[in-house]
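This report concerns only the one structure given below.
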Amino acid sequence: MIRLYENKHQEKNEVARHQHNTHQLLYVLDGEGNCVLDTESQKLHPDSIVLISPHTNHSIQAHSKMTVLVLEFDFRKLAEDVVHHLVEPVFAGSRVLNLSLFESSEIRQLLRKMLFEQSQAHPIHTMGLKLLLSQVLYQLAVMQREDTTQDTNTRRAKWLKHHLETRYFEIASMEEVAARAGVSSRYMNQIFKEMYDMTPYQFLTEVRLMRVKKMLRESDREIVSICFEVGFEAVSTFYRVFKKYVGVTPNVYRRTTDEFRN
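Residue numbers 9 to 270, in the working numbering, belong to the letters of the sequence shown in order.
The structure is reproduced here in structure tokens:
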């Protein structure tokens, strides 16, 4: 029901007009070309994504050697809520998406994970493929809701903000985030601060501390466990950052909020 495979196109190679009864996502890994969807022609280049709905007549022309990763799936095998909230809006119409470096880095990482899961011969990895497909569709659905009239830096800053809000627990450094997005950390800091009046690191710290304070107020979990869950690598760093931003230690904060509730 879900499969990924590679298509290699030689220079000037053409795939004649055809259609199929599955959904397809074509990710251009390398090369330049052209895609015709029904009667509309669009250019392809590295990181272009072609979304092809079932029964859409389409053809591909390669202007140079072009490598395309094809993700194909049968929506009838997916959960109803995934189809309704993700498949239907993302594939509302066949089209080509030209992603920013920030957006494409997220999709590339998910496709890599899907290739790994597909290579494993065990039923549990079939479930992994389904989960990762849902994540790919979710990312595309989020991108689709963005205002396409926004300039590139605005879209990048919003993508980064969303990334920090939802992946705060796994981010080891801002340099790592910048590297995944294919830009320098200095440039990333600049565009984020212009829009949100703080650096990405400051925003990440705020996101983590908001989560920490909620857990301190609403649970009796060990502080070291909370520190681990939100992404701090060392307890000593966590204590220092918490006191700097909140004004008291985590223990004092928890005791104070407990006394206030009582």
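All C-beta atoms, glycine included, are put in the ideal place defined by N, C-alpha and C.
ask   = According to DSSP, what are the bridge partners of K16?
value = Position 8 of the sequence shown holds residue 16. Note: K16 sits in a beta bridge opposite T75.
inquiry  = Can you tell me which residues form a DSSP beta bridge with L94?
reply    = Translated into positions along the sequence shown, residue 94 becomes position 86. Beta-bridge pairing links L94 to no other residue.
ask   = Closest to H63 by CA distance: which of C235, D82, L94 and K73 is it?
value = In the sequence shown, counting from the first residue as 1, residue 63 sits at position 55. Taking only the C-alpha atoms, the option nearest H63 is D82.
task = Determine the direct distance from the alpha carbon of V220 to that of T264, and round the result to whole angstroms.
result = Walking along the sequence shown from the start, residue 264 turns up at place 256. Walking along the sequence shown from the start, residue 220 turns up at place 212. Each residue's alpha carbon lies about 15 Å from the other.
request  = Given a cut-off of 9 Å, decide if M223 and R241 are closer than it, judged by their beta-carbon atoms.
outcome  = As a working mapping, residue 241 is identified with position 233 in the sequence shown. As a working mapping, residue 223 is identified with position 215 in the sequence shown. First, the amino acid is wrong: residue 241 is Glu here, not Arg. Not a contact, by the Cβ cut-off of 9 Å.
Whole-number beta carbon distance between L79 and L8, since they are thought to touch under 8 Å = Here the chain has residues from 9 to 270 only, and residue 8 is not among them.
Beta-carbon proximity of L86 to L12, cut-off 9 Å = Along the sequence shown, one-based indexing puts residue 86 at 78. Along the sequence shown, one-based indexing puts residue 12 at 4. It is not a contact, given that the beta carbons lie outside the stated cut-off.
ask   = Is it buried or exposed for H66, if we count other Cβ within 10 angstroms and need 16 for buried?
value = Stepping through the sequence shown from its first residue, residue 66 is reached at position 58. By the 10 Å Cβ count, H66 comes out buried.
key: From A129, G239 and V98, residue whose alpha carbon lies closest to that of T174   = Along the sequence shown, one-based indexing puts residue 174 at 166. Ranking A129, G239 and V98 by Cα distance to T174 puts G239 first.
key: For K121 and L77, the rounded distance between their alpha carbons   = Sequence index remark: in the sequence shown, residue 77 carries index 69 (1-based). Sequence index remark: in the sequence shown, residue 121 carries index 113 (1-based). Straight-line Cα distance between these residues: approximately 13 Å.
ask   = Which one or two residues does DSSP pair with A70 in a beta bridge?
value = Residue mapping note: residue 70 aligns to position 62 of the sequence shown, counting from 1. G41, per the DSSP bridge assignment.
query = Three or more C-beta pairs closer than 8 Å, one from the region 48-55 and one from the region 101-121: is that the case here?
reply = yes
ask   = Which of the three DSSP states, helix, strand or coil, is assigned to I199?
value = Position 191 of the sequence shown, counted from the start, is the residue given in the question as residue 199. Here I199 sits in helix by DSSP.
query = Per DSSP, which one or two residues make a beta bridge with R11?
reply = Taking the first residue of the sequence shown as 1, we reach residue 11 at position 3. DSSP, once it has assigned bridges, lists E80 as partnering R11.
inquiry  = Just to confirm the assignment: which complete beta strand (DSSP E) runs, minimum length 3, are found wholly within the region 94-175?
reply    = 103-106
ask   = Would a C-beta distance cut-off of 9 Å place V185 and H170 closer than the cut-off?
value = In the sequence shown, residue 185 corresponds to position 177, counting from 1. In the sequence shown, residue 170 corresponds to position 162, counting from 1. Cβ atoms of V185 and H170: not closer than 9 Å.
ask   = Do you know offhand how far T157's Cα is from A149's?
value = Here residue 157 is taken as the residue at index 149 of the sequence shown, counted from 1. Here residue 149 is taken as the residue at index 141 of the sequence shown, counted from 1. Only weak support exists for where T157 lies, its pLDDT of 46 falling under 50; the coordinates are left without a value.
request  = Give the secondary structure of L212 by DSSP, where H, G and I count as helix, E and B as strand, and everything else as coil.
outcome  = Translated into positions along the sequence shown, residue 212 becomes position 204. Looking at L212 - three-state DSSP - the assignment turns out to be helix.
ask   = Are the beta-carbon atoms belonging to V23 and I68 less than 9 Å from one another?
value = Here residue 23 refers to the residue found at position 15 when the sequence shown is read from its first residue. Here residue 68 refers to the residue found at position 60 when the sequence shown is read from its first residue. Closer than 9 Å, so yes.
task = In angstroms with no decimal places, state the Cα-to-Cα distance between Y146 and L94.
result = One-based indexing of the sequence shown puts residue 146 at position 138. One-based indexing of the sequence shown puts residue 94 at position 86. Approximately 6 Å, taken between the alpha carbons.
inquiry  = Taking the straight line between their C-alpha atoms, what separation do you get for C43 and K73?
reply    = The count along the sequence shown starts at 1 and reaches residue 43 at position 35. The count along the sequence shown starts at 1 and reaches residue 73 at position 65. Answer to the nearest angstrom: the Cα atoms are 15 Å apart.
query = Just to confirm, are Y253 and L212 a CB contact at a threshold of 9 Å?
reply = As a first step, residue 253 is located in the sequence shown; it is residue number 245 there, counting from the start. As a first step, residue 212 is located in the sequence shown; it is residue number 204 there, counting from the start. No. Outside cutoff.
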